[in-house]
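Residue numbers (my numbering): 1 to 234.
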């Protein structure tokens with residue numbers, strides 16, 4: 001399911017965009033969900049992550065779309081932003097927040113459909129490269145490449161992303177195969193490490209992202225084989 005947020009203060013235009021999305025769903029049979037927010041400030045206060053595409057009006061009360069986009073981008077590096085504006089010159093500033101595209105009002109359905117298809121293709125690529133983590137009641141999409149290692153602790157998984165530790169309910173069994181397909185290797189039943197983040201190893205320990213982690217005997221041969229294959233690719 002792809003989730004789309006429509007952040008638009010004009011009720012009639014918000015309804016038009018929602019109608020375009022419903023029409024696209026009927027034509028394409030894509031699984032899309034749409035939610036409307038009346039302005040940027042309300043969106044930032046009420047959304048809890050998990051949106052794949054944000055259709056964001058630039059001219060809105062309380063907080064304009066550009067400022068809302070800057071704050072949103074600080075929370076989510078991967079969300080797809082499409083600006084909606086009456087003047088294209090304002091949308092050019094969207095490059096400051098890595099916006100995917102922009103739409104100039106009034107928008108005809110055929111152009112909207114083309115832009116939406118572009119955004120959906122972007123989302124599919126992004127989902128293949130990212131992993132969704134539900135932490136503190138919010139969904140965060142994190143690139144596999146940015147996760148240095150994952151460890152399990154009872155009923156929780158701890159994802160080490162830079163200096164952050166993202167804690168989410170789950171088991172290693174639930175994620176193991178997906179992570180192994182994305183450049184990780186097991187060093188024990190409770191720990192998967194990103195091979196791209198391995199800085200060194202000894203007979204019993206591996207250094208990953210500045211952390212020194214013990215290698216279980218039962219996992220050592222498989223880990224070394226995976227590391228050698230990874231280094232060979234590099």
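Beta carbons are placed, not taken as given, at the ideal position from N, Cα and C, and that holds for glycine.
Under 8 Å Cβ to Cβ from residue i, same chain only, skipping five residues before and after it: list those, please.
i           : result
residue 67  : 40
residue 137 : 48
residue 200 : 206 and 207
residue 221 : none
Please work out which residues of its chain come closer than 6 Å, Cβ to Cβ, to residue i, disregarding the five sequence neighbours upstream and downstream, and give them in chain order.
i           : result
residue 76  : none
residue 148 : 160, 194, 197, 208 and 209
residue 53  : 4, 80 and 119
residue 62  : 39 and 41
residue 132 : 139 and 141
residue 112 : 20
residue 99  : 81 and 83
residue 146 : 161
Can you give me the Cβ contacts of residue i inside the same chain, cut-off strictly under 7 Å, excluding the 5 residues immediately before and after it?
i           : result
residue 206 : 187, 193, 198, 213 and 215
residue 25  : 32
residue 152 : 171, 172 and 190
residue 182 : 144
residue 219 : 186, 187 and 188
Per DSSP, residue i is paired with what?
i           : result
residue 57  : 84
residue 185 : 193
residue 205 : 214
residue 130 : 143
residue 199 : For residue 199, which the question treats as bridged, DSSP gives no partner whatsoever.
Alpha carbon to alpha carbon, what distance is there between residue j and residue i?
i           : j           : result
residue 168 : residue 139 : 10 Å
residue 130 : residue 141 : 6 Å
residue 64  : residue 171 : 41 Å
residue 16  : residue 57  : 13 Å
residue 105 : residue 173 : 49 Å
residue 72  : residue 60  : 16 Å
residue 166 : residue 135 : 6 Å
residue 102 : residue 88  : 8 Å
residue 78  : residue 126 : 7 Å
residue 211 : residue 43  : 38 Å
Hey, residue i and residue j are a contact pair by Cβ (cut 8 Å); roughly how many whole angstroms apart?
i           : j          : result
residue 115 : residue 97 : So it is not a contact: roughly 17 Å between Cβ atoms.
residue 45  : residue 2  : Incorrect: roughly 23 Å between the Cβ atoms, too far for contact.
Say whether the segment 80-89 touches the segment 18-27, bearing in mind that this needs 3 or more beta-carbon pairs closer than 8 Å, one atom from each stretch.
-> no
Report yes or no: do the segment 144-158 and the segment 111-121 share at least 3 C-beta pairs separated by less than 8 Å?
-> no
Do the segment 26-39 and the segment 5-16 meet, that is, are 3 or more Cβ pairs less than 8 Å apart?
-> yes
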